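Heads up: the sequence shown begins at 8 in our numbering, then just goes up one per residue.
Scroll down for the structure; my scribbles are underneath it.
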Amino acid sequence: MQRKRFMEKNEKKLSAATKKNIKTLVQDFLEYDEEQFKTALENESATEKYWASLDTLFFKNGFWMDELDSEDMENLDRKKILYEFYETLKPMWVQVKSSLTNYINEIVPERENAKVLWHNIENTTHPEIRKYKDLPPFDPAYQEKFYDITLQFKVSFDSGSVTFFKRKLSIVNGFLDFLHDLPPGLLSLCDYCHKVIVLTRSDKRYCRTSCASSRNQKEKWEKDREGMRKKERARNEQRKQQPK
């Protein structure tokens, strides 16, 4: 219920195509570890999917390289560029995710509890509590919460002047513009692996079917450990009896 209220509070009209691109960016790009991402890039269709999603979300107001001609476009090594984007954005995303996790798990519940507390004060008949009824509701939980995000850039002096790499600055700017407009209620955490998920529907709880299955098994073991042991022994016996 709390997750649904959080999503509704931060609801923003987004098209199905935009949500799909955001899901690709978050769940299949930023939330992948390095080996997962390298493996994904071995698939040509996955590379095209990444490219299309990033182009749509980050470069709506212009491409990330200056003075491109048709020959430049034909010779682009998309896998190399996507990996460069990944290396640039992943450290930033780790910080954003940590902040988001704290906000979802700590700040939102604190504010919900504060609402309940003030509701109880306003409706109580206890004389010692009612005298606080007319005081303005102040609680630290209501103070706007800010998080520090550190950005890293590479600089070179070998050319005889200070040189920053504009390509990386462009992808960072595109990423920041994208996050700036993104409603936080669209994002949540997988109930099993705790990776960030995109709430394409309010009752979504898992990033993968495997996580839903693993969580279901874990809950069954927690509720009926002895019964699950019996089922496991029965399955093992059945496997032994099967012809090899």
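The C-beta atom is built at its ideal place from N, Cα and C for all residues, glycine as well.
Every value quoted in this text rests on a predicted model; they were computed, and no experiment measured them.
query	result
When you compare only the Cα positions, how much space is there between Leu186 and Ser221?	31 Å
Here's the rule I'm using: 16 or more other beta-carbon atoms within 10 Å means buried, otherwise exposed. How should Tyr57 be labelled?	buried
Closer than 6 Å by C-beta to Ser106: which residues in its own chain qualify, once you throw out the five before and the five after it? Chain order, please.	Tyr154
Report the partner residues of Val115 according to the DSSP bridge assignment.	DSSP output for Val115 lists no bridge partner at all.
Going by alpha carbons, who is nearest to Trp100 out of Gln34, Lys27 and Cys200?	Gln34
Helix, strand or coil for Ile156, going by three-state DSSP, please let me know.	coil
Measuring CB to CB, does Ile156 end up less than 8 Å from Val103?	yes
Please report the residue range of the beta strand (DSSP E) in which Ser60 lies.	Careful: Ser60 lies outside any beta strand (DSSP E), inside the alpha helix (DSSP H) at Glu51 to Phe65.
Drop a sphere of 10 angstroms on the beta-carbon of Glu38, count the other beta-carbons inside from all chains shown, and report buried for 16 or more, exposed for fewer.	buried
Check Asp76 in the structure and name its three-state DSSP category.	Caution applies to Asp76, whose pLDDT of 44 falls short of 50 and renders its modelled position unreliable; the value that the coordinates give is listed next. Note: Asp76 maps to coil in three-state DSSP.
Confirm, please, whether the CB-CB distance from Ile178 to Thr95 is below 8 Å.	yes
Got a sec, what are the start and stop residues for the alpha helix (DSSP H) Val101 sits in?	Arg85 to Asn109
Tell me which residue opens and which closes the alpha helix (DSSP H) that Leu48 is part of.	Glu41 to Leu48
Return the CA-CA distance between Lys122 and Val115, expressed in angstroms with no decimal places.	11 Å
Can you tell me whether DSSP reads Leu196 as helix, strand or coil?	strand
If distances are taken between C-alpha atoms only, which option among Lys161, Leu83 and Asp184 comes closest to Lys175?	Lys161
Between the C-alpha atoms of Lys225 and Phe65, what's the straight-line distance to the nearest angstrom?	39 Å
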